[in-house]
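Numbering (full-length UniProt numbering), first residue to last: 1 to 676. What follows is a short report on a single structure.
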């Protein structure tokens with residue numbers, strides 16, 4: 001009946017033969033008359049007509065009309081439901097094997113596979129058979145179709161495939177998640193070979209993405225429930241940390257595309273990207289700290305050469321074969337080389353991702369004092385507060401806000417105000433208070449565009465809160481105890497850190513012989529400092545809490561040198577006396593219940609275990625590519641000539657380019673440049 005209704009094909013033209021033949025009839029073609037053989041031998045005589053089922057136009061391909069193919073497909077599905085799988089399996093194999101190169105048949109061969117252009121007619125036939133295809137028993141065929149190659153074909157095929165996806169979800173809503181998952185899975189594709197289809201010209205990456213997002217956008221318009229499903233999938237499908245930089249960058253760029261046409265979830269997308277970048281960042285820092293010097297040097301050597309721009313990671317001619325995983329069971333497996341490779345890839349991911357984020361946000365700050373810029377900054381500030389600040393030892397991600405917060409006074413005030421509120425609010429967990437204090441001190445110390453008045457105001461503010469802590473803790477203090485008085489010590493260390501970097505901004509007046517551009521000219525002069533910071537800080541340092549014993553030795557030593565040579569304060573006797581004090585004898589756990597001051601359980605721990613880390617979050621940023629955004633933003637540490645006999649020739653500026661590159665890796669493995 002279907003053949004009779006087609007009407008558009010004369011029976012004398014060529015035999016109507018289904019590709020979905022029963023397996024039993026496969027094999028060599030029997031001898032046919034000369035006319036049939038001539039048609040088979042000369043493909044140019046085949047009737048190849050395009051079709052458009054949406055506009056109800058009847059077409060035929062290779063001698064089969066649209067109606068005939070629909071009949072064949074419907075028959076295969078119905079027989080499958082009745083338990084006969086011969087034609088159904090061949091239909092499923094057609095889509096499972098669709099990436100294989102098409103080989104034209106010889107005159108004596110059966111043609112048991114469709115030509116590349118003919119697969120479209122089966123997609124459209126299946127679309128018309130959706131009432132049968134939606135049956136659960138046809139899940140295998142649906143899965144094969146969803147996994148088939150469709151983005152690398154022509155535009156008409158992509159439209160037909162998108163129409164099929166919409167019809168599938170309309171017929172059976174449970175297919176919404178698998179369909180969206182298939183689309184999101186393609187966000188990580190970077191090489192044309194991943195989406196190309198045999199028999200078609202290579203499709204450029206941007207064309208592929210246009211097609212992909214056009215289909216996804218159509219699904220979102222058709223099905224309101226798709227938005228919430230998509231949001232979950234974007235998170236779950238994000239590449240794992242051990243996947244290639246190419247996959248990460250492809251996924252991130254596709255996320256930016258989604259953000260443009262789904263504005264309701266744009267904040268969630270930005271949060272997702274930053275959250276994954278922070279995870280890579282913190283893990284990379286842990287890996288670097290665990291490495292010995294030889295492995296760190298190996299990472300440095302692996303990163304030498306011309307850095308790739310973030311966009312280069314998606315270029316078709318970039319070889320990322322070295323990002324393939326290494327099997328630890330391989331006889332030639334080298335654990336050291338594997339660690340170097342892992343950290344190198346993490347550095348490259350971090351660098352490319354942050355460079356992309358800088359590129360994305362920068363256009364919003366063309367006029368940094370505008371409301372538009374401030375609105376964008378509030379997004380960055382919210383992400384920092386919720387994602388970056390609670391992350392222990394995030395190493396690079398925070399430099400997004402470090403850069404943009406310095407573009408205008410309004411943005412600087414907003415950032416500092418948020419940190420102050422977090423650091424000193426009573427209901428904030430102590431760990432966040434201490435992190436906020438470290439960020440505040442590091443921003444003030446390292447921010448090249450932070451104005452002098454703000455440096456002074458924040459220094460005074462820290463002194464006020466230090467005094468409040470001192471009055472609270474001293475009555476119950478028997479000696480220095482990091483565990484019990486951690487907020488006080490972390491705040492005082494932050495204060496010392498600011499002094500070491502910005503002491504010139506704290507000088508109210510100096511003799512005429514002092515050259516403001518020459519730090520060495522201040523040494524030994526009678527300087528007037530703002531307010532009574534010398535007296536106030538002396539009260540803290542020489543108090544019962546004895547903070548110089550608990551603060552990081554590298555910061556204490558630098559402060560002691562500066563304070564002495566600038567006639568600000570003399571603390572060396574206290575530093576020497578502290579060398580004879582063991583912090584384990586003052587641990588709070590030993591006397592909180594009235595017990596003895598000493599506890600043998602802590603005897604084996606080193607003193608450094610009970611001292612603060614010299615961690616300040618805006619310590620050197622040295623990622624090779626993305627550091628270009630921070631040029632001019634950063635106060636580099638410079639030793640003052642004449643401060644110490646051994647420091648006369650020490651200066652970061654005197655290092656050559658090769659030495660600076662060495663700091664790229666070593667800087668990420670240490671917590672403070674004050675170690676130099």
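Glycine residues also receive a C-beta, built at the ideal position from the N, C-alpha and C atoms. Since the model is a prediction, treat every value here as computed from it, not as a measurement.
For residue 628, which option in 434, 643, 351 has the closest C-alpha, if you only look at C-alpha atoms? 351
Compute the beta-carbon to beta-carbon distance between residue 397 and residue 288, rounded to the nearest angstrom, for a pair I have assumed lies under 8 Å. About 15 Å; that fails the 8 Å criterion.
Given this structure, state the Cα-to-Cα distance separating residue 633 from residue 199, to the nearest angstrom. 53 Å
Quick test of the definition: if touching needs 3 or more C-beta pairs under 8 Å, does the segment 504–513 touch the segment 574–581? no
Near residue 168, what residues of its chain come up, given a Cβ to Cβ distance below 6 Å and the 5 sequence neighbours on each side ignored? 175
Quick check: what's the CA-CA separation for residue 78 versus residue 227? 34 Å
Can you tell me the Cα-Cα spacing of residue 254 and residue 159, whole angstroms? 20 Å
Are the segment 239–251 and the segment 361–371 in contact at 8 Å, needing three or more beta carbon pairs? no
Between the C-alpha atoms of residue 378 and residue 271, what's the straight-line distance to the nearest angstrom? 13 Å
Threshold first: 4 residues or longer. Then list the alpha helix (DSSP H) segments lying entirely within the segment 212–270, N to C. 226–236, 245–261
Cβ atoms of residue 474 and residue 545: under 8 Å apart, would you say? yes
Beta-bridge pairing of residue 634 - partner residues as DSSP gives them: 447
Specify the secondary structure class of residue 370 as computed by DSSP and reduced to three states. coil
Give the straight-line distance between the Cα atoms of residue 530 and residue 459, rounded to the nearest whole angstrom. 10 Å
Ordered along the chain, which non-local residues of its own chain (more than five positions away) have a Cβ less than 7 Å from that of residue 150? 157, 158, 161
What's the gap between the Cα of residue 399 and the Cα of residue 623? 11 Å
Of all Cβ atoms in chain D, is any one closer than 8 Å to the Cβ of residue 520? Absent from the structure: chain D. Only one protein chain is present.
So for residue 391, helix, strand or coil by DSSP? coil
In whole angstroms, what separates the C-alpha of residue 617 from that of residue 164? 51 Å
I need the straight-line Cα distance from residue 526 to residue 453, nearest angstrom please. 22 Å
If you drop the 5 nearest sequence neighbours on each side, which residues of the same chain put their C-beta closer than 6 Å to that of residue 654? Residue placement at residue 654 is poorly supported in this model, since its pLDDT is 32, which falls under 50; the coordinates still yield a value, given next. For residue 654, where only same-chain residues beyond five positions count, there are no Cβ hits under 6 Å.
Looking at C-alpha atoms only, which residue of 373, 409, 88, 548 is the closest neighbour of residue 144? 88
Residue 418: buried (16+ other C-beta within 10 angstroms of its C-beta) or exposed? buried
Once DSSP output is grouped into helix, strand and coil, what is the label at residue 65? strand
Look at the alpha carbon of residue 84 and the alpha carbon of residue 390, and state the distance between them as a whole number of angstroms. 60 Å
What did DSSP end up calling residue 177 once you bin it into helix, strand or coil? helix
Extent of the continuous beta strand (DSSP E) run through residue 507: 507–509
Short Cβ contact (8 Å threshold) for residue 216 with residue 178: no
Residue 256 Cβ short of 7 Å to the ligand MG heavy atom set: This structure simply doesn't include the ligand MG, nor any ligand for that matter.
Is it right to say residue 81 is buried, meaning 16 or more other beta carbons lie within 10 angstroms of its own, or is it exposed? exposed
Given that a residue counts as buried once 16 or more other Cβ atoms are within 10 Å of its Cβ, and exposed if not, what is residue 528? exposed
Tell me, which residues are paired with residue 529 by DSSP? 507
So which of 643, 394, 416, 172 has the shortest CA-CA distance to residue 519? 643
To which residues of the same chain is residue 357 closer than 8 Å at the C-beta, ignoring the five residues directly before and after it? 273, 274, 277, 400
Residue interval of the alpha helix (DSSP H) (run including residue 523): No alpha helix (DSSP H) holds residue 523; DSSP gives it neither H nor E.
Taking just the CA atoms, how far does residue 129 sit from residue 284? 52 Å
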